[in-house]
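Below: the structure, in structure tokens.
There are 2 protein chains.
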Amino acid sequence: MSKNLKEMDVLRQHLAKHQLKLTRQRELILTAFLRQEHVTAETMYHQLAKKDPHLGLATIYRTLNLFCEAGIAQARHFGTQTQYDNISHKGHHDHLICTGCGTIVEFENCEIERLQEEVATKNGFVIQTHRLELYGLCPRCRH
Amino acid sequence: MSKNLKEMDVLRQHLAKHQLKLTRQRELILTAFLRQEHVTAETMYHQLAKKDPHLGLATIYRTLNLFCEAGIAQARHFGTQTQYDNISHKGHHDHLICTGCGTIVEFENCEIERLQEEVATKNGFVIQTHRLELYGLCPRCRH
DNA sequence: TTGAAATTGATAAGCCCTCTCAACATGATA
DNA sequence: TATCATGTTGAGAGGGCTTATCAATTTCAA
Numbered sequence: 188m189s190k191n192l193k194e195m196d197v198l199r200q201h202l203a204k205h206q207l208k209l210t211r212q213r214e215l216i217l218t219a220f221l222r223q224e225h226v227t228a229e230t231m232y233h234q235l236a237k238k239d240p241h242l243g244l245a246t247i248y249r250t251l252n253l254f255c256e257a258g259i260a261q262a263r264h265f266g267t268q269t270q271y272d273n274i275s276h277k278g279h280h281d282h283l284i285c286t287g288c289g290t291i292v293e294f295e296n297c298e299i300e301r302l303q304e305e306v307a308t309k310n311g312f313v314i315q316t317h318r319l320e321l322y323g324l325c326p327r328c329r330h
Numbered sequence: 188m189s190k191n192l193k194e195m196d197v198l199r200q201h202l203a204k205h206q207l208k209l210t211r212q213r214e215l216i217l218t219a220f221l222r223q224e225h226v227t228a229e230t231m232y233h234q235l236a237k238k239d240p241h242l243g244l245a246t247i248y249r250t251l252n253l254f255c256e257a258g259i260a261q262a263r264h265f266g267t268q269t270q271y272d273n274i275s276h277k278g279h280h281d282h283l284i285c286t287g288c289g290t291i292v293e294f295e296n297c298e299i300e301r302l303q304e305e306v307a308t309k310n311g312f313v314i315q316t317h318r319l320e321l322y323g324l325c326p327r328c329r330h
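Here the protein sequences line up with chains A and B, keeping their order.
Under our numbering, the residue at position 14 of the first sequence is numbered 201, and the numbers go up by one with no gaps.
Under our numbering, the residue at position 34 of the second sequence is numbered 221, and the numbers go up by one with no gaps.
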């Protein structure tokens, strides 16, 4: 609960800073978004159809993109679709993605993160964010 | 030269194994593909228009996807387009991307690759490919 | 050389996402 | 609290990129 409030505040601040408004739809979508690790606009569209049958798909896309700008979500292209990851609820994590069944396993590896910083520094870059995806076959799809 | 022959052999073997045929277009596209680091289907379409004005865009897409299946190329979604990377000509590389000016710096880091394998193994996965992108500010954009 | 089977080119179709715009909601202001 | 300028929404049209369709053509094993 308190976590949701925290995210809601991040959103509120972002909205205030850009002369945007907090709408019923944005609250609804944020609440549902925070309950999950990754979502697709399409997925949320179906999930939320029960709570608000008139919620439009365009609004979901717009709102998820808004979350990205606010630093609450992160867009990731997977296959032909865009996945929106919840990056603020818990620490950053990377993905192991099964090319067979689409299963996504999350992982964190400090050592890799440290090496990334090293590479960035060596090139004079300051990292803001990163994305690491390992594609392969999960145990079940390996035969 | 000998390298191109090597790739051509990889393709030939893949074709033979799947009852596919080596066509003039496939040779043409492979030769052009091997000369570059990353390409877009659209890019190749324009490049090859001079050599073969009737070469269709669909054929290029089909052929690049074929190269992916043969292990010669690797598809990567970048923005709204698909980039096809030449992964066999030289080693795999990752990207440092400047969020300020869009500059892309390539890098390789064996240690990171090794740790990725470790993570995959720990989760029972067999990695086929991966993608690592570090987003941040380049030296010039840091003020 | 022949012919079954794969491939091509042109374009239609499909998918995912964004744009458009009239109707509506929000929230700063009085 | 009422007003109203401005942002937002929903529905569908539009758009960019990629794949499917299919008749004509090419490949290659026999």
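All C-beta atoms, glycine included, are put in the ideal place defined by N, C-alpha and C.
Here the structure is a predicted model, which is why all the values come from computation and not from measurement.
**OP:** Quick one: grab the DSSP three-state call for Q234(B).
**Re:** Correct three-state label for Q234(B): helix.
**OP:** Would you identify the three-state DSSP class for I353(B), choosing helix, strand or coil?
**Re:** Only positions 188 to 330 of chain B appear in this structure, which leaves residue 353(B) out of reach.
**OP:** Starting from E293(A), follow its DSSP beta bridges and name the residues at the other end.
**Re:** H282(A).
Original post:
Would you say Y322(A) faces chain B, with C-beta separation under 8 Å as the test?
Top reply: So, interface residue.
Original post:
What residues in the stretch 302-318 of chain A bring their beta carbon closer than 7 Å to a beta carbon of chain B?
Top reply: Those would be L302, Q303, V306, A307, N310, G311, F312, V313, I314, Q315, T316, H317 and R318, in chain order.
Subject >> Per-residue DSSP class, three states only, for L321(B) >> reply: Three-state result, L321(B): strand.
Original post:
Would you say N273(B) reaches chain A, if we count a Cβ-Cβ gap shorter than 8 Å as a contact?
Top reply: It does not; no Cβ of chain A falls within 8 Å.
Original post:
How is D239(A) classed by DSSP in three states: helix, strand or coil?
Top reply: Here D239(A) sits in coil by DSSP.
Subject >> CB of A307(B) within 8 Å of CB of G323(A), strictly >> reply: Here A307(B) is near G323(A), since their CB atoms are less than 8 Å apart.
**OP:** Quick one: give me the first and last residue of the alpha helix (DSSP H) that T250(A) is part of.
**Re:** Residues L244 to A257.
**OP:** Quick one: residues in its chain with C-beta nearer than 6 Å to the C-beta of V292(B), no 5 flanking neighbours on either side, listed in chain order?
**Re:** Same-chain partners within the cutoff: L283.
Original post:
How is the alpha helix (DSSP H) around T218(B) delimited, first residue to last?
Top reply: DSSP places T218(B) inside the alpha helix (DSSP H), whose first and last residues are R211 to L221.
Original post:
So which residues on chain B does H264(A) lean against when the C-beta distance must stay under 7 Å?
Top reply: H264, listed in chain order.
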